[in-house]
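Chains as they are written, first to last, in the working numbering: chain C, 542 to 648; chain G, 489 to 607.
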């Protein structure tokens with residue numbers, strides 16, 4: 542199985558800050574990586590797919606980059622609604638696997 | 489509005505069975521792969537199973553093989569997860585999610601249904 546490792550596990554930031562979350566795959570996954578946002582009691586929401594493609598309707602302050610084994614999610618200017626948990630996920634091969642999550646907290 | 493709505497979660501004893509359902513609306517159901525993903529409350533997401541558009545291809549995580557069965561009824565816009573021989577470590581919120589093509593992401597998720605396995 543491909544292991545996905547996110548860092549940090551928790552990040553504290555303020556409205557307006559720039560935040561970067563990293564995700565590393567245990568083997569190459571090309572660009573088959575997605576990022577999701579999850580708020581308490583809700584299902585995840587897709588933000589980024591194929592490493593850098595922004596899903597329609599997602600604010601442009603979200604961006605993704607990377608290929609192979611190393612990927613990043615960047616939020617350019619945090620808004621109050623962005624405080625949530627973020628997950629990366631690989632779809633290169635079964636079983637599809639997720640990172641352990643990064644909780645974005647208000648500083 | 490595109491929606492996936494799960495149901496069927498309950499409290500069940502170890503060794504018991506449960507069938508989860510996920511009803512879809514406002515999209516061409518048979519064109520999508522449907523997946524089940526679970527999440528222990530407060531923990532991360534774990535992929536369980538998937539089924540293709542016509543039901544001819546199914547795949548399972550090792551934790552589900554031999555105990556869980558995914559199926560779909562395209563006439564009812566519904567995907568199912570039959571879970572047998574349930575264990576305490578199956579306790580989780582179960583989500584269904586759709587994928588438009590192989591290797592694409594989960595672009596729509598349901599709200600989840602809670603399964604609790606306990607005596």
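Just so it is clear, CB atoms sit at the ideal spot from N, CA and C, and this is done for glycine as well.
Bear in mind the structure is a predicted one, so any value in this text is a computation, not a measurement.
The beta-carbon of residue 608/C is placed no less than 8 Å from the nearest beta-carbon of chain G. Judged by pairs of C-beta atoms under 8 Å, the region 535-555 of chain G touches the region 627-641 of chain C, as three or more such pairs exist. Residue 578/G counts as buried, since at least 16 other C-beta atoms from the protein chains shown sit within 10 angstroms of its C-beta.
The beta carbons of residue 593/C and residue 584/C sit about 23 Å from each other, so the pair does not count as a contact at 8 Å. Annotation for residue 546/G: the continuous beta strand (DSSP E) segment containing it runs 546-548.
Close CB contacts of residue 538/G within its chain, under the 6 Å cut and outside five residues either way in sequence, are with 521, 523, 547 (chain order). About 15 Å separates the Cβ atoms of residue 587/C and residue 623/C, ruling out a contact at the 8 Å cut-off.
Taking each of 594/G, 541/G, 496/G in turn and checking the Cα distance to residue 563/G, the smallest one comes out for 541/G.
Per DSSP, reduced to three states, the secondary structure at residue 576/G is helical. Across the set 598/C, 544/C, 557/C, 562/C, the C-alpha of 562/C shows the shortest separation from the C-alpha of residue 607/C. If the five residues before and after residue 597/G are omitted, its C-beta is found closer than 7 Å to the C-beta atoms of 492, 583, 585, all from its own chain and listed in chain order. In the DSSP assignment, the residues bridged to residue 639/C are 630/C. Exposed is the label assigned to residue 490/G, since fewer than 16 other Cβ atoms lie within 10 Å of its Cβ. CA-to-CA, the gap between residue 554/C and residue 617/C works out to about 12 Å. In the DSSP assignment, residue 616/C falls within the beta strand (DSSP E) that extends over 611-616.
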